[in-house]
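Protein chains in written order, with this note's numbering: chain B, 1 to 418; chain H, 419 to 837.
Below you'll find the structure, written out as structure tokens, and then a few comments.
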């Protein structure tokens, strides 16, 4: 009896509600996806990016109805099992169900046709890059308890600064450096305002966003549009295939055939994880974010930690800004970040303020983004803008704490007074 | 550091002999100086990007004094166009009045007051949206979602405006206004409820609601609410749902402005003269204290976010019913963030919000003129706005620039993500 109680820590009413919700999802899946299918119909998923790859994998051909039944059964089973016994990891539960739902949706949408799965996953990673960089900027500054809602503005300024310098100097690397430095500069302004003057952190971020939108659009319509060959034509970083690794089927084309900024993003994810959790610096950062007073008592310079973390975050966001121009289209357009900075903040929260989580949730957002585009190509009868709402709705659900939990650093957003 | 802080502390100690009018003028000091500094810095940007100034600098060694007239000319042309484009010229107005009184011909007068009425038209949605954000601030809530609520309100009132046919105006117009308020209220209530029930932070949720509103409107404007025709816009609203205009056609000045002033007064009355308003301010000042005193913090969160959303929805409604008469994509561009600036500048007081909305109306509508006359992109206004917010939020900078000693009580606006 006692063991039973220990194994099911979740209150049973909530458990039953979640279980019923899962059963309903299973039911909805069968109601929505099954009626449109025919027996013997198949869905084909391409697993090669190009036909010239070293190791060619056969296309994955799935029988539509059977696969749908299996996926619905998995969801129903998870729901029933959760009600009866309880699944302790809400993340795993949510992950499996979400996977089943997306898989069912994809199979249903591609029924009788074919879809390049690898192409879609590749573009997911590419689309996730600016989101992940914004999220990482958020992680590192919020771990030191400084909320930075001005990431959007930082990226916008960095995007413009990097494309202009790259065009003028004819060197993408100089452009990239200037982009990163401009990010650091704006972040330093934010840090100065919120640490020295104790300006409300969200207000300062909002001001940076407005200021950045104004400045970049002002300069763009004053100069960039008139001399676009000279100032707004940088070219982009080429795609670098990593020898050997890029030959691995499936993983190779997704992760090892990208441009410099995508690689840098992945490196930053790993480095930030190591720094935050396995170095004294990371321990101090987290201490400053959780309990600055205690950290101060132990001789950690709270202000210095916050300044450095926010500025490093600004450099990462600057890299994200450079991605929009140097890594993607090679030119600046007004308000081209289109809310990616805010989505990055959502990815940070979704990823529970840690680098790997932020990266994973950025991938989910990127996947949703590329799914939306693919659905338009496949002419799915669901409007793409409705699909486009999904990431935002998922973020809001995550914030409620019903699935997974979002616990910010304890001192997040509060100024520190000695 | 510590010595400096000590002097700041003694400066900010409230003086016991401080009387009310002195406090009033002091509370105006920082916003006014912030706007002034913002305009000066904007002028520097204008001068720095001006061709004439650049030419004068090129000629610096030959004629070092020549740069000052060049700078003066650049800034005066720009700001002259700005204020001419937003306020009109007094000479033309007097001339128009003279003609009107002698011959009864209004054409000249209408032409002369056109710029000023356009500023009031621009200010109208700002008043509503600024009130929305200000109300949130008073309860310690940061409503970044005014943009989405504005859009939903516009769509709501447009829907009521074009779908009901044959109603008399005294039924249709209030219904259409109500439609906007309800749509905005729903959009604000969701984050409010999530905050009250689950503690989910309203800043992120209102941003998410903004994006959901954009996607939803993309779908509505290309699908269910699309007018017959090529462009993704709603049908034009019925005549009976329009907010009546005061003057013949090119002048768009309408009853929306009067409604906005009325609502501003209502918000003032609600916040400062009712028990509920007191509760809201108490929760904003100190949620723990308010809870201890027996007030329901969570109920106030939901209530304030709903009302705030309704106000932002009214902003959208006033724009649709009074000015545009239909809704297209990108309708809400920028109102959300501008309204935050407004609320901060107006210190979350309805009167302050109205005054700053008038200022923003003047700047925004004059900037269009400045763009065509002086070739300065309209985005200069956003630069000035961003600077003004920074200065208002950090009065210490203003005090440092102008070497003034003000006793300011800093108000807490938000509290991190989690709480």
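Here a beta-carbon is modelled for each residue, glycine too, at the ideal position from N, C-alpha and C.
Model, not experiment: these values are computed from the prediction.
When CB distances to chain H are screened at a threshold of 7 Å, the residues of the region 364-387 of chain B falling below it are 383, 385, 386, in chain order. By the C-beta density criterion, residue 774/H is buried, having at least 16 other C-beta atoms within 10 angstroms. From the listed residues 292/B, 303/B, 276/B, 179/B, the smallest Cα separation to residue 191/B is found for 303/B. Contact annotation, residue 46/B with residue 93/B: C-beta distance approximately 31 Å; criterion of less than 8 Å not satisfied. For residue 315/B, there is no enclosing beta strand (DSSP E); the enclosing alpha helix (DSSP H) has its first and last residue at 302-324. For residue 412/B, same chain residues with a beta-carbon under 7 Å away, outside a window of 5 residues either side, are 142, 145, 147, 289 in chain order.
From the beta-carbon of residue 641/H, the residues of chain B found nearer than 8 Å are 383. Look at residue 145/B here: in three-state DSSP terms it is coil, with no helix or strand label. The Cβ of residue 246/B sits no closer than 8 Å to any Cβ of chain H. Pairwise C-beta distances place the region 679-698 of chain H out of contact with the region 582-592 of chain H, as fewer than three of them are shorter than 8 Å. Contact annotation for residue 77/B against chain H: no contact, minimum CB-CB distance about 28 Å [criterion: below 7 Å]. One Cα belongs to residue 654/H, the other to residue 734/H, and the distance between them is close to 15 Å.
Per DSSP, residue 48/B lies in no alpha helix (DSSP H) segment and is marked neither H nor E. The criterion of a C-beta distance shorter than 8 Å is not satisfied by residue 460/H and residue 809/H. In this structure, residue 62/B sits near residue 107/B, with a CB-CB distance shorter than 8 Å.
For residue 213/B, the neighbours in chain H by C-beta distance under 7 Å run, in chain order, 800. At least 8 Å separates the CB of residue 707/H from every CB of chain B. With fewer than 16 neighbouring CB atoms inside 10 Å of its own CB, residue 293/B falls in the exposed class. At a Cβ-Cβ threshold of 8 Å, residue 543/H and residue 737/H count as neighbours. Beta-bridge partners of residue 257/B (DSSP): 241/B. Short of 7 Å from the beta carbon of residue 609/H, and not among the five residues preceding or following it, lie these beta carbons of its own chain, in chain order: 563, 620, 623, 624, 627, 723. With contacts defined as CB atoms closer than 8 Å, residue 320/B and residue 155/B qualify as a contacting pair. Look at residue 522/H: its C-beta is not under 8 Å from any C-beta on chain B. Between residue 203/B and chain H, the shortest Cβ-Cβ separation is below 8 Å. Against chain B, the CB of residue 626/H has a partner CB under 8 Å away; the residue lies at that interface. Within chain B, the residues placing a beta-carbon under 7 Å from that of residue 637/H are 383, 385, 386, ordered along the chain. Our two residues, residue 36/B and residue 744/H, have alpha carbons roughly 38 Å apart in a direct line. Boundaries of the beta strand (DSSP E) harbouring residue 116/B: 114-116, taken from the DSSP string. Ranked by how close their Cα comes to the Cα of residue 239/B, the residues 227/B, 368/B, 199/B, 261/B have 261/B in first place. Residue 158/B and residue 749/H have their alpha carbons spaced roughly 27 Å apart.
Neighbours of residue 629/H across chain B, judged by C-beta separation under 7 Å: 339, 392. Of 27/B, 121/B, 111/B, 87/B, the smallest CA-CA separation from residue 253/B is found for 121/B. The beta carbons of residue 597/H and residue 570/H sit no closer together than 8 Å. Scanning the region 562-636 of chain H from its first residue to its last, the whole alpha helix (DSSP H) runs of 4-plus residues come out as 564-581, 587-616. Within the region 672-705 of chain H, not one residue has a Cβ closer than 7 Å to any Cβ of chain B. Using a CB distance below 9 Å, the part of the region 218-230 of chain B facing chain H consists of 218, 219, 220, 221, 222, 223, ordered along the chain.
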